[in-house]
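When you read off a place in the sequence shown, starting at 1, and then add 170, the result is the number in the working numbering. All remarks here apply to the structure that follows.
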Amino acid sequence: MQAQTGNRILIAFFSWSGNTRRIAQEIQHQTGADIIEIAPINPYSSDYNTVLMEAQRDQHDKARPELANHVAHMEDYDVILIGYPNWWASIPMPIATFLEEYDFSGKRIIPFCSHGGGRFGQSITAIAKLAPNSDIGEGLSIHYSGGSAMVDDVTAWLGKNGLK
Ligand SMILES: Cc1cc2nc3c(=O)[nH]c(=O)nc-3n(C[C@H](O)[C@H](O)[C@H](O)COP(=O)(O)O)c2cc1C
């Protein structure tokens with residue numbers, strides 16, 4: 171038996187305006203992990219005021235937007251780094267769809283989020299409810315793009331979680 175357990179990492183992220191995507195790509199660069207973009211089949215509007223309303227509606231309706239792509243072998247991963255923007259102080263609903271689609275029992279979920287000042291909001295609580303038998307690791311919150319500190323912040327955070 172190969173002793174390759176404990177650290178097989180998947181990065182799964184949703185991003186609307188690119189900040190979370192850039193953070194996810196930096197994490198990928200530093201870890202070499204597999205990466206998947208969580209994208210709804212019906213994309214959100216590219217207009218800021220419209221997406222604000224769409225996101226609020228989805229959250230209010232507890233919507234589960236259908237996703238365009240899927241993880242073929244979730245059993246291959248022990249650690250899921252899950253990234254998203256803070257939307258209305260919580261997760262965007264495509265993240266809820268993703269979390270309900272797989273069994274995360276015994277896996278470690280480590281959130282990273284880009285935000286406009288509200289840090290994680292209620293998002294960690296929301297994730298814990300949707301993946302009840304997972305172990306939630308220490309998250310990383312980044313203000314918008316994180317500027318020039320982002321790369322070092324990612325390095326430090328991976329280190330704290332024993333992933334580097
Ligand atoms: C629909 C929507 C709702 C948002 N709600 C919040 C919020 O409640 N708190 C906050 O700090 N930032 C909020 N933001 C700002 C985003 O979290 C921030 O711009 C983030 O960097 C976007 O990441 P992205 O580029 O990966 O989409 C919101 C942005 C959008 C589009």
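Glycine included, C-beta positions come from ideal geometry on N, C-alpha and C. All figures in this text were calculated on a predicted structure; none of them were measured in a lab.
Query	Result
Please list the terminal residues of the continuous beta strand (DSSP E) segment that includes I181.	179 to 183
Is the beta carbon of A319 closer than 8 Å to that of S260?	no
Excluding the 5 residues flanking M171 on each side, which residues of the same chain have their C-beta closer than 8 Å to its C-beta?	In this prediction, M171 has a pLDDT of 38, which is less than 50 and means its spatial position is unreliable; nothing more can be read from the coordinates.
D305 to A225, Cα distance in whole Å?	27 Å
Can you tell which of V221, R234, G316 has the C-alpha that lies nearest to the C-alpha of A266?	R234
Suppose only complete runs of 4+ residues qualify. What are the alpha helix (DSSP H) ranges in the segment 292 to 333, listed by chain order?	293 to 300, 320 to 330
Regarding G286 and ligand 1, is the C-beta to nearest heavy atom distance less than 7 Å?	yes
What is the residue span of the beta strand (DSSP E) that I206 lies within?	204 to 207
DSSP puts Y254 in a beta bridge; with which residues?	C283
Please go through the same chain and pick out, in chain order, the residues whose beta-carbon is closer than 6 Å to the beta-carbon of A173, but skip the five residues on each side of it.	No answer about A173 holds up, because its pLDDT of 41 lies below 50 and its placement is not dependable.
So who's on the other strand from P210, going by DSSP bridges?	L237
Is there at least one non-hydrogen atom of ligand 1 closer than 7 Å to the beta-carbon of A209?	no
Flag this pair as yes or no: are the beta carbons of F184 and I208 separated by less than 8 Å?	yes
P255: buried (16+ other C-beta within 10 angstroms of its C-beta) or exposed?	buried
Does the distance from the C-beta atom of Y314 to that of K277 stay below 8 Å?	no
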